[in-house]
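Asker: With full-length UniProt numbering applied, the sequence shown covers 1 to 685.
This is the structure I have questions about; it appears just below.
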Amino acid sequence: ITTPALLAMLDDTVCDKLANRMEDDTNIIFLKGIRKLYNSEAEPTRRKRSRDESLPEESIRRYQAAFKAKHGLPIPGRFVVEGKVLNNIRKGEAPRLSDCDTPMAEAGKRQKLELDIGSGRVGWQQSDSTRPPSQCEAAQFGLCLIRLCLSASLLGRMSPLEALLFMARVYEVGETSSLGNMRALEYAMRIEALRGNGDDEPFGIQVATRLSDTVAAHREVGRASAALASSNRQGQRQKGPSICRLYREGRCTWGDNCRYAHIRKRRPAEEDQESKGAKRQRSNSSAGTKTCYDAYVAEYFEAAGKAFDEEDAGKRQSFKNGGSGTLPGLEKPLGQERKFAGSLADTILQAAKRHGVTDIIEKTRGKPSDLQVAELSRRSEAAASECRKALAKVYGNSILRRSGNNSIYCELLDNIVRDLGEKDREFAALCKDGLPLGINKKIPYTDLYPRFTKKSQDEFEIPEVHENYASMNREEVRDKVEQLLADEEERGFIRRLTEQELRDPSRRFVRRACLPKRGSFDNGIRVVEDFKRNNVNLHAVVPNTASLPSAADLRQLVGALTQRHPPKDYRLLQLDLRSAYRTLGVHGEERKNVCFTQEFGDGSVVGYENLVLSFGLTCSAYWFVRYATCAQRCLEVVLRAFLGTDEAPGQFGSFMYVDDGFFCFLASIYAEAASIVLIFWIMLG
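Rendered as structure tokens:
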């Protein structure tokens, strides 16, 4: 039985005496660790405390004692922030003011110990210490600011007088502005004093007497807000729907899906009549309403409208759909690629009709049945194989061979990319030998995708004995995991290691965990690999990141289509690319970084290496999205050439989110276009 105070007395002499009485080396190691953790002399060698670490209660009591000795009285505990926030203040950080409120956990039930000395009985009594909710936001703000300032004074970051002056400056600005402006000012002053000022003066002096420019800026903002609010009272506002500016200019692509009202532009005669009425109203001085801001408000909204138009134009230019990134009807006319794209579409469609793929799609309504899925899969594979053989007569038989442990046909993709004028020629070339992970083999930078900024991460300590997470050994999942391993080994996704390879010290093994699908292991399992804690992701250098479309882009796509044809004229096709990341191979030099083990039911441990990309690798999403985007852009060109969208736009729209595809076709061409989509993806592998 010991305390931190006793442990703090540990030094080298005491440790040596204790170590001499210990026989187990593990205990000696722990003794040295405890000494480093508690001994004040070893403070510089301690690990950096995390933001969530609380200041110990003993330290708080020492600060209280020092504060009382200096100022004559301690700070009541309810006016001191939590230990975690205290620790952040002590380290020179700027916590949010909301962190200085009384924690809600204290508002619950507490247990009170009762001791009857006469009878010697000990019992517990529930004590209701519920804190009522705040009824005044301004008072709550003031109390949080007081707790923050008193806590900073307790830690010696500022004197009580400096704290009082700091609060007075904040309240002075708030008197003529708003509570929100006060919140912004106090945080801005603390941030400026800690990080931005570059002044060597103490924190307390800066917030109490300096930073005049910050205070002046918030004072002016408060005055402007108050003036605008007083001139635009609720009773004077016109109620009604917001008007779509783009519609009045003939540029709205949302159609009936637009959230704003589509009001036609007024005729000049109407505007002239309204202008005369407005002049008569302004000339009436008995109206009792303020008119000095009318011109200002009109000018302000005109400028704001122009700014919003520019912002909307920027958003239209940055439209993303996981492919070409161009709205239907706004594409540039096809050039030399039209001839090859049309020929490829005809080749695919003829194969689809010969194998009955188009007929099955035409008969399918809604989600296909299991029988339809099996039949469609069999016929589509046969049609795709026929297409590859037809293209082999042009490109050579080498396109029929897979390489680099890829499920996709990289050389076929390379030739299609070249003949369709696709801008990402580099991906197919990289893919042929397997993709680099950025550890042993560099990932080339490309200006086609945004630059990736890696988050900072501390290096994790690797345990001496490698083992998976406990979920991999649960009785209800063991058989499913072993079956999954057998399937992946048969499909060429993983390779079993020899005993010599298993003991290779240059290999990195990842811990695996098993998650249930849809909340239950009965629905299947999903195996995930923790590449963060074995430091593989830490050492991977990935120069780019994937850029994904959003739901707003999907709404914009559908809106552009329904501007040209009513919604009832379209049919939808949704698809999912099977196995996703696992279709792309890993370069041979990188595979030693993506190994894992599995303990079987008989107690044997077998090692494997991933031959394909794994879920959890930093670069996996980037590589797969890059592949899917490249293929999707090629597919869009093929569909445009087949449908003749240069002459008749709006016949289809496409959207690809990682491995989920969404296509919208006119019903008259749905079966043929959907056949091209499905067989194109299967043809690539």
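Ideal placement from N, C-alpha and C gives every residue a C-beta, glycine not left out.
Express the C-alpha separation of Phe30 and Glu482 in angstroms, rounding to a whole number.
Answerer: As a position in the sequence shown, residue 482 is number 482, starting the count at 1. As a position in the sequence shown, residue 30 is number 30, starting the count at 1. Cα-Cα distance, rounded: 39 Å.
Asker: Just to confirm the assignment, what range does the beta strand (DSSP E) spanning Pro516 have?
Answerer: The residue you call residue 516 lines up with position 516 of the sequence shown. Its beta strand (DSSP E) spans residues Arg511 to Lys517.
Asker: Look at Arg633 and Ser324 and say whether their C-beta atoms are less than 8 Å apart.
Answerer: The count along the sequence shown starts at 1 and reaches residue 633 at position 633. The count along the sequence shown starts at 1 and reaches residue 324 at position 324. In this structure, Ser324 lies closer than 8 Å to Arg633 by Cβ.
Asker: Am I right that Lys320 and Asp553 are in contact with their C-beta atoms under 8 Å? What's the rounded C-beta distance?
Answerer: For this step, residue 320 is matched to residue 320 along the sequence shown. For this step, residue 553 is matched to residue 553 along the sequence shown. That belief holds up - the Cβ atoms of Lys320 and Asp553 are roughly 5 Å apart, short of 8 Å.
Asker: Please return the same chain residues whose Cβ sits closer than 6 Å to the Cβ of Phe642, not counting the five positions on each side in sequence.
Answerer: To locate residue 642, count along the sequence shown from 1; it is residue 642. These residues qualify, in order along the chain: Ala345.
Asker: For Glu106, count neighbouring C-beta atoms within 10 Å of its own C-beta (all shown protein chains included) and say buried if the count is 16 or more, exposed if not.
Answerer: On the sequence shown, position 106 is the one that residue 106 refers to. Residue confidence for Glu106 is low, a pLDDT of 42 falling below 50, so the modelled location carries little weight; the figure read from the coordinates is stated next. Exposed is the call here.
Asker: Do you know offhand how far Glu501's Cα is from Tyr622's?
Answerer: Residue numbering aside, residue 501 sits at position 501 when the sequence shown is read from its first letter. Residue numbering aside, residue 622 sits at position 622 when the sequence shown is read from its first letter. About 29 Å.
Asker: In this structure, does DSSP put Leu211 in helix, strand or coil?
Answerer: Here residue 211 refers to the residue found at position 211 of the sequence shown. Looking at Leu211 - three-state DSSP - the assignment turns out to be coil, as it is neither helix nor strand.
Asker: Leaving out the 5 sequence neighbours to the left and right, which residues in its chain are closer than 8 Å to Asn473 when beta-carbon positions are compared?
Answerer: What you label residue 473 is simply residue 473 of the sequence shown in a count that begins at 1. So the qualifying residues of the chain are Glu599.
Asker: Grab the span of the alpha helix (DSSP H) containing Cys387 for me, first residue to last.
Answerer: As a position in the sequence shown, residue 387 is number 387, starting the count at 1. Here the alpha helix (DSSP H) through Cys387 covers Asp370 to Tyr395.
Asker: Nearest to Glu636 by CA position, among Gly661, Val527 and Glu381, is which residue?
Answerer: Here the question's residue 636 lines up with position 636 in the sequence shown. For Glu636, the nearest C-alpha among the options comes from Gly661.
Asker: Could you give the DSSP three-state label for Ser668: helix, strand or coil?
Answerer: As a working note, residue 668 is residue 668 in the sequence shown. Note: Ser668 maps to helix in three-state DSSP.
Asker: Looking at the strands, I want to know which residues DSSP matches up with Leu435.
Answerer: Mapped onto the sequence shown, residue 435 falls at position 435. DSSP lists Val586 as partners of Leu435.
Asker: In terms of residue numbering, what span does the alpha helix (DSSP H) encompassing Gly174 cover?
Answerer: The residue labelled residue 174 in the question sits at position 174 within the sequence shown. Per DSSP, the unbroken alpha helix (DSSP H) holding Gly174 starts and ends at Pro160 to Glu175.
Asker: Which word fits Ser318, buried or exposed, when buried means at least 16 other C-beta atoms lie within 10 angstroms of its C-beta?
Answerer: On the sequence shown, residue 318 is found 318 positions in, with the first residue counted as 1. By the Cβ-count criterion, Ser318 is exposed, with fewer than 16 other Cβ atoms from all chains shown falling within 10 Å of its own Cβ.
Asker: Would you tell me roughly how many angstroms separate the C-alpha atoms of Leu334 and Ala303, rounded to the nearest one?
Answerer: Locating residue 334 in the sequence shown gives position 334, where the first residue counts as 1. Locating residue 303 in the sequence shown gives position 303, where the first residue counts as 1. Answer to the nearest angstrom: the Cα atoms are 39 Å apart.
Asker: So, is Leu465 buried or exposed, given that buried needs 16 or more other C-beta atoms within 10 angstroms?
Answerer: As a position in the sequence shown, residue 465 is number 465, starting the count at 1. The question names Leu, but residue 465 is Val in the sequence shown. Exposed: under 16 other Cβ atoms inside 10 Å.
Asker: What does the alpha-carbon distance come out to for the pair Cys595 and Tyr608?
Answerer: As a first step, residue 595 is located in the sequence shown; it is residue number 595 there, counting from the start. As a first step, residue 608 is located in the sequence shown; it is residue number 608 there, counting from the start. Between Cys595 and Tyr608, the C-alpha separation is close to 6 Å.
Asker: Give every residue of the same chain whose Cβ lies closer than 7 Å to the Cβ of Gly180, excluding the five residues on either side of it in the sequence, and list them in chain order.
Answerer: Taking the sequence shown and counting its residues from 1, one reaches residue 180 at position 180. Excluding positions up to five away in sequence, the list is empty.
Asker: For Val527, name the three-state secondary structure that DSSP assigns.
Answerer: Reading the sequence shown from its first residue, position 527 is the one you call residue 527. In this structure, Val527 counts as strand in the three-state DSSP scheme.
Asker: Quick check on DSSP: helix, strand or coil for Gln483?
Answerer: In the sequence shown, counting from the first residue as 1, residue 483 sits at position 483. Note: Gln483 maps to helix in three-state DSSP.
Asker: Can you tell me which of the three DSSP states Leu7 falls into?
Answerer: Within the sequence shown, the letter at position 7 stands for residue 7. If DSSP states are grouped into helix, strand and coil, Leu7 belongs with the helices.
Asker: With distance defined between alpha-carbon atoms, name the residue in Asn20, Lys393, Cys387 and Asn27 nearest to Ile676.
Answerer: One-based indexing of the sequence shown puts residue 676 at position 676. Comparing Cα-Cα distances from Ile676 to each of Asn20, Lys393, Cys387 and Asn27, the minimum goes to Cys387.
Asker: Between Gln350 and the rest of its own chain, which residues show a CB-CB distance below 7 Å, the 5 nearest in sequence each way excluded?
Answerer: As a first step, residue 350 is located in the sequence shown; it is residue number 350 there, counting from the start. Contacts found: none.
Asker: With DSSP as the reference, label Met22 as helix, strand or coil.
Answerer: Position 22 of the sequence shown, counted from the first residue, corresponds to residue 22. Looking at Met22 - three-state DSSP - the assignment turns out to be coil, as it is neither helix nor strand.
Asker: DSSP three-state call for Val658: helix, strand or coil?
Answerer: The count along the sequence shown starts at 1 and reaches residue 658 at position 658. DSSP places Val658 in coil when its eight states are reduced to three.
Asker: Relative to the C-alpha of Leu613, which residue among His71, Arg591, Val606 and Thr597 is closest?
Answerer: On the sequence shown, residue 613 is found 613 positions in, with the first residue counted as 1. Ranking His71, Arg591, Val606 and Thr597 by Cα distance to Leu613 puts Arg591 first.
Asker: Please state whether DSSP places Gly404 in a helix, a strand or coil.
Answerer: The residue given as residue 404 occupies position 404 in the sequence shown. Gly404: coil per DSSP, three-state reduction.
Asker: So what does DSSP say about Ser520, is it helix, strand or coil?
Answerer: Within the sequence shown, the letter at position 520 stands for residue 520. Strand at Ser520.
Asker: Given Arg526, which residues of its chain have a CB within under 7 Å of its CB, disregarding the five upstream and five downstream residues?
Answerer: Along the sequence shown, read from residue 1 onward, the residue named residue 526 stands at position 526. Excluding positions up to five away in sequence, the list reads Leu515 and Lys517.
Asker: Please report the distance separating the alpha-carbon of Arg533 from that of Ser153.
Answerer: Within the sequence shown, residue 533 is the residue found at index 533, counting from 1. Within the sequence shown, residue 153 is the residue found at index 153, counting from 1. Approximately 40 Å, taken between the alpha carbons.
Asker: Check for me: the alpha helix (DSSP H) holding Phe340 runs from which residue to which?
Answerer: Taking the sequence shown and counting its residues from 1, the one referred to as residue 340 is at position 340. Where Phe340 is concerned, the enclosing alpha helix (DSSP H) stretches over Glu337 to Arg354.
Asker: Please classify Arg35: is it buried, with 16 or more other beta-carbons within 10 angstroms of its beta-carbon, or exposed?
Answerer: Locating residue 35 in the sequence shown gives position 35, counting from the first residue. The residue in question, Arg35, is buried, as its Cβ has 16 or more Cβ neighbours within 10 Å.
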